[in-house]
Amino acid sequence: MTDKQTIDADLVLIAGGVRPNAQLASDAGLEIGPHGGIMVNERMQTSDPDIYAGGDVVESRNLITGDWAYVPLGSTANKHGRVIGTNLTGGDDTFPGILGTAIVKVFGYNVARTGLTEQQARERDYEVTSCVAPGADRPHYYPGAQQIVLKLIADTKTRRVLGSQIIGPGDVAKRIDVLTTAISMGATVDQVANLDLAYAPPYSEALDNVITAANVLRNILDGVAQKVTPGEVKARIEAGEDFLLLDVRSPQEYEAVRIEDPRVRLLPLGKLRGSLATLPKDKPIVTFCKVSLRGYEAQRILSNAGFTNVSFMEGGISTWPYGLKVRQAASADA
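Using the numbering used here, the first residue of the sequence shown is number 11, and each one after it goes up by one.
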């Protein structure tokens with residue numbers, strides 16, 4: 011309820027945000043940045059070199075773009091404090107900048123981000139390639155395994171990792187920290203894919219989600235993986251395009267949950283090679299499965315068999331946000 015209207019809702023989310031109170035600095039004639047924060051150099055000096063500032067009232071450099079950014083966090087403020095304290099007592103320390111790394115818990119989900127989003131990278135004229143890679147945060151047989159979805163963004167020309175976002179009930183904190191470190195060091199997707207990360211079943215799959223996502227992105231950059239996003243598939247459906255949406259999961263998975271559309275055909279991956287003659291070569295084919303690992307394998311099989319217009323839907327049915335047909339649980343009397 012506001013002074014303008016009353017709206018019935020199940021949930022109200024208020025994202026008030028934070029603004030810097032730099033009035034004292036402004037009154038003192040110090041330079042103020044584009045986001046309203048105090049401008050400082052690497053030594054945390056303001057435009058008056060005898061005055062230092064830090065914490066939530068200052069702006070920081072983005073480590074990728076060099077642009078000024080305002081991301082108030084206690085972790086950053088503490089780093090500022092160390093630099094200021096060192097320099098005030100005769101030392102020489104600097105603060106290089108930030109990647110905007112953040113993490114939050116939303117009910118049962120963990121949400122984290124670092125670096126640039128795909129949209130931010132495109133707005134800064136990067137040629138962008140991205141991927142979405144769902145997967146369990148540890149082997150499925152290990153108690154407590156939970157799914158996370160990791161998005162990875164890279165510069166197509168240099169293959170340098172530009173950013174990442176991760177969401178899910180599983181462990182996203184250590185993955186976003188690995189990627190923050192990699193981005194800070196200017197790592198490419200190829201370097202990330204070969205990181206010697208700690209492995210044991212209580213903590214991750216043999217190939218951690220970070221490495222899997224990097225390999226997916228490598229395959230896309232190398233041209234062996236032809237992907238489309240769920241949004242692109244949905245747009246093609248709504249436009250009435252004639253294409254085949256090939257579900258290569260098992261019949262049991264299909265019966266439990268599926269995309270309900272006449273373009274969808276179930277053809278389990280194990281039967282694909284023996285059924286090539288039943289598939290049309292004159293129309294586009296989009297393959298998918300639960301997370302599109304099998305979807306990608308199906309795309310490779312079809313491409314190698316001479317199908318020239320085939321791609322896989324990244325993220326699979328796990329990241330399809332447009333509604334699914336779900337089998338109703340049997341009643342107790344059935």
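Cβ coordinates follow ideal geometry from the N, Cα and C atoms, glycine included.
Since this is a predicted model, take the numbers as computed values, not measurements.
Asked: Counting only the same chain and skipping the five closest in sequence on each side, list residues whose C-beta sits under 7 Å from that of N225.; Found: A203
Asked: For S352, which residues does DSSP report across the bridge?; Found: Residue 352 cannot be examined here, being either before or after the span of the chain that is shown, 11 to 344.
Asked: Kindly indicate which three-state DSSP category Q33 falls into: helix, strand or coil?; Found: helix
Asked: Are there 16 or more other CB atoms within 10 angstroms of the CB of P144, so buried, or fewer, so exposed?; Found: buried
Asked: Quick one: what's Y151 bridged to in DSSP?; Found: For Y151, which the question treats as bridged, DSSP gives no partner whatsoever.
Asked: Based on DSSP bridge pairs, tell me the residues matched to M49.; Found: Paired residues: none, contrary to the question.
Asked: Considering R169, what are the terminal residues of the alpha helix (DSSP H) in which it resides?; Found: From DSSP, R169 is part of no alpha helix (DSSP H); its letter is neither H nor E.
Asked: The beta strand (DSSP E) that contains K157, what's its start and end?; Found: Going by the sequence as given, residue 157 is Gln instead of Lys. Where Q157 is concerned, the enclosing beta strand (DSSP E) stretches over 157-165.
Asked: Assuming V199 contacts L227 under a Cβ cut-off of 8 Å, what Cβ separation, rounded to an integer in Å, is found between them?; Found: 5 Å
Asked: When the distance is taken between beta carbons, is I158 closer than 8 Å to N219?; Found: yes
Asked: Could you tell me if V171 is buried or exposed, where buried requires 16 or more neighbouring beta carbons within 10 angstroms of its beta carbon?; Found: buried
Asked: Touch check for the segment 43-57 and the segment 75-90: three-plus C-beta pairs under 8 Å?; Found: yes
Asked: Given that a residue counts as buried once 16 or more other Cβ atoms are within 10 Å of its Cβ, and exposed if not, what is I295?; Found: buried
Asked: Kindly identify the DSSP beta-bridge partner or partners of N120.; Found: K115, G178
Asked: Determine the DSSP secondary structure at K291, reduced to helix, strand or coil.; Found: coil
Asked: Give me the residue from I247, P278, H150 with the minimum Cα distance to E215.; Found: H150
Asked: To the nearest angstrom, how far is the alpha carbon of V274 from that of F253?; Found: 9 Å
Asked: According to DSSP, is I42 helix, strand or coil?; Found: strand
Asked: In whole angstroms, what is the alpha-carbon distance linking G27 and T318?; Found: 49 Å
Asked: Could you check whether I108 and N51 sit closer than 8 Å to each other, using their CB atoms as the reference points?; Found: no
Asked: Give me the residue from L256, G125, Y332, D60 with the minimum Cα distance to G196.; Found: G125
Asked: According to DSSP, is S140 part of a helix, a strand, or is it coil?; Found: strand
Asked: Could you have a look at T56 and say whether DSSP puts it in helix, strand or coil?; Found: coil
Asked: Ends of the alpha helix (DSSP H) at S2?; Found: The structure shown does not extend to residue 2, since the chain spans only 11 to 344, so no value can be given for it.
Asked: Give the secondary structure of A249 by DSSP, where H, G and I count as helix, E and B as strand, and everything else as coil.; Found: coil
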